[in-house]
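Mapping to the numbering used here: the sequence shown position 190 is 193, numbers consecutive. Ideal Cβ placement from N, Cα and C applies to all residues, glycine included. First comes the structure, then the notes that go with it.
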Amino acid sequence: MAAPGNGSCVNWMSDSYHDTFLQINTKRLANGLREVMKELGMQSPLIINAFNPVQGLPLLHKLGEVATIYYCFDEISAEAWMGKHGARYEKKYLKAVDAVVTTSEALQQFKSQEQPRTFCVKNGANFDLFYKAHLLKSQKPKSENKTIGYLGTADNRIDGELVERCVQDMPQHRFEFLGPVNDDTLKECLSGYSNVIFTPSKRPEELPQALSEWDAAMIPFVCNEHTYTIYPLKINEYLAAGLPVVTTPFSILKDFEDIVSIESTAEAFSKSLQKALESTDPVEVKQRIEMARGNSWAHRAKEFRSIIEQIVDWKLVS
4 MAAPGNGSCV NWMSDSYHDT FLQINTKRLA NGLREVMKEL GMQSPLIINA FNPVQGLPLL
64 HKLGEVATIY YCFDEISAEA WMGKHGARYE KKYLKAVDAV VTTSEALQQF KSQEQPRTFC
124 VKNGANFDLF YKAHLLKSQK PKSENKTIGY LGTADNRIDG ELVERCVQDM PQHRFEFLGP
184 VNDDTLKECL SGYSNVIFTP SKRPEELPQA LSEWDAAMIP FVCNEHTYTI YPLKINEYLA
244 AGLPVVTTPF SILKDFEDIV SIESTAEAFS KSLQKALEST DPVEVKQRIE MARGNSWAHR
304 AKEFRSIIEQ IVDWKLVS
């Protein structure tokens, strides 16, 4: 079970008002969950709280749970929707839960300072879905005009100056941002270039066709405290499609050092992208695909299950 909710509507409140309303809402939530548990005949549940310590902390021990795991997939202090109250609640929650599972090694390093039973299960990929992009691309004729793509939300994590340098260096190639754009500055910076396009989000089943048009993929993130905690889900999606990847060293990426190009300057990033566009060696393509296959959600689920079993066994004997 995961504690639901979104803190955006109350994040603006003062601590005292926020905490008063939170207690009222938590009581209602707990009563509702107990009713559902009763209908399902559920007892002693395992609770996995997905990135909501604000509701998780007051809900602890209210449901007769056998154990509680906090699933932390981002740095909460950097999140506008709950950063104000999330950070102060998370510090207490980390110490109170039975275990923490993070999605990156950097997050594991930070959260283990408060909770020694902190594990890392990195983000995976829907391998079967994105592998279809590789199969589709193999059926298409090669083109001199190539496409470099970015999949996901384009926001303040993107290094706009770095991307602009690449766009200027390769006017004959197209740069596509596929997904929502949450940074007006980025769009203003790049919209004037005829070889840059912004494509709205697509349904999952449409993504293989879209990525089959790409010849390389990029993760041009800035390097700061926030991005350092990220394990990019998109890197395995790119690799499952067989695409060469160029990224900045924004986080701990040692798993991919032999598979992707990691560049710290705009000049080096641009040169690596130009080289990546010619990276069609079947052996290298297979290496990318096999790396992604090993990082599928199916494999991650097995890792998560192993941790759950470990924590439950520990609770039962403690």
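Return yes when the Cβ of residue j is within less than 8 Å of the Cβ of residue i, no when it is not.
i: residue 72; j: residue 51; result: yes
i: residue 324; j: residue 78; result: Because the chain in this structure spans residues 4 to 321, residue 324 falls outside the shown range and cannot be described.
i: residue 138; j: residue 99; result: no
i: residue 29; j: residue 58; result: yes
i: residue 291; j: residue 242; result: yes
i: residue 136; j: residue 244; result: yes
i: residue 121; j: residue 234; result: no
i: residue 264; j: residue 273; result: no
i: residue 155; j: residue 237; result: yes
i: residue 25; j: residue 66; result: no
i: residue 210; j: residue 132; result: yes
i: residue 186; j: residue 159; result: yes
i: residue 103; j: residue 114; result: yes
i: residue 130; j: residue 271; result: no
i: residue 269; j: residue 168; result: yes
i: residue 85; j: residue 14; result: yes
Just mark residue i as buried or exposed, buried being the case when its beta carbon has 16 or more other beta carbons within 10 Å.
i: residue 301; result: exposed
i: residue 75; result: buried
i: residue 298; result: buried
i: residue 43; result: exposed
i: residue 266; result: buried
i: residue 93; result: buried
i: residue 38; result: exposed
i: residue 111; result: buried
i: residue 96; result: buried
i: residue 202; result: exposed
i: residue 87; result: buried
i: residue 134; result: buried
i: residue 55; result: buried
i: residue 230; result: buried
To which residues of the same chain is residue i closer than 8 Å at the C-beta, ignoring the five residues directly before and after it?
i: residue 318; result: 69, 70, 101
i: residue 315; result: 49, 69, 70
i: residue 200; result: 177, 178, 179, 180
i: residue 40; result: 46, 48, 66
Is there at least one Cβ from chain D nearer than 8 Å to residue i's Cβ?
i: residue 204; result: No chain D appears in this structure, which consists of one protein chain only.
If I measure Cβ to Cβ from residue i and keep anything under 6 Å in the same chain, skipping five residues before and after, which residues do I get?
i: residue 166; result: 223
i: residue 325; result: Since the first residue of the chain shown is 4 and the last is 321, residue 325 is not available in this structure.
i: residue 196; result: 170
i: residue 307; result: 124
Which residues in the same chain have their Cβ closer than 7 Å to the Cβ of residue i, if we skip the five residues on either side of it in sequence?
i: residue 162; result: 223, 224, 225, 251
i: residue 5; result: Model confidence at residue 5 stands at a pLDDT of 46, short of 50, so the residue's coordinates are unreliable; what they give is reported in the following sentence. Cβ neighbours of residue 5 beyond the five flanking positions: 51, 52, 53.
i: residue 212; result: 139
i: residue 289; result: none
i: residue 182; result: 154, 155, 156, 157, 204
i: residue 259; result: 238
i: residue 60; result: 92, 95, 96, 99
i: residue 240; result: 128, 133, 154
What are the start and end residues of each continuous alpha helix (DSSP H) run of 4 or more residues lying completely inside the segment 255-304, in chain order?
Runs of the alpha helix (DSSP H) inside the segment 255-304: 269-279, 285-297.
Would you call the segment 251-259 in contact with the segment 275-289, where contact means no fewer than 3 C-beta pairs closer than 8 Å?
no
To test your reading of the DSSP string, which unbroken beta strand (DSSP E) runs of 3 or more residues are found completely within the segment 91-163?
102-105, 121-123, 150-154
Does the segment 146-158 come into contact with the segment 215-229, if we say contact requires no fewer than three beta-carbon pairs (one atom in each stretch) closer than 8 Å?
At 8 Å Cβ cutoff, the stretches touch.
Threshold first: 3 residues or longer. Then list the beta strand (DSSP E) segments lying entirely within the segment 178-246, N to C.
199-202, 219-222
Enumerate, from N- to C-terminal direction, the unbroken beta strand (DSSP E) stretches of 3 or more residues contained entirely within the segment 25-61.
49-53
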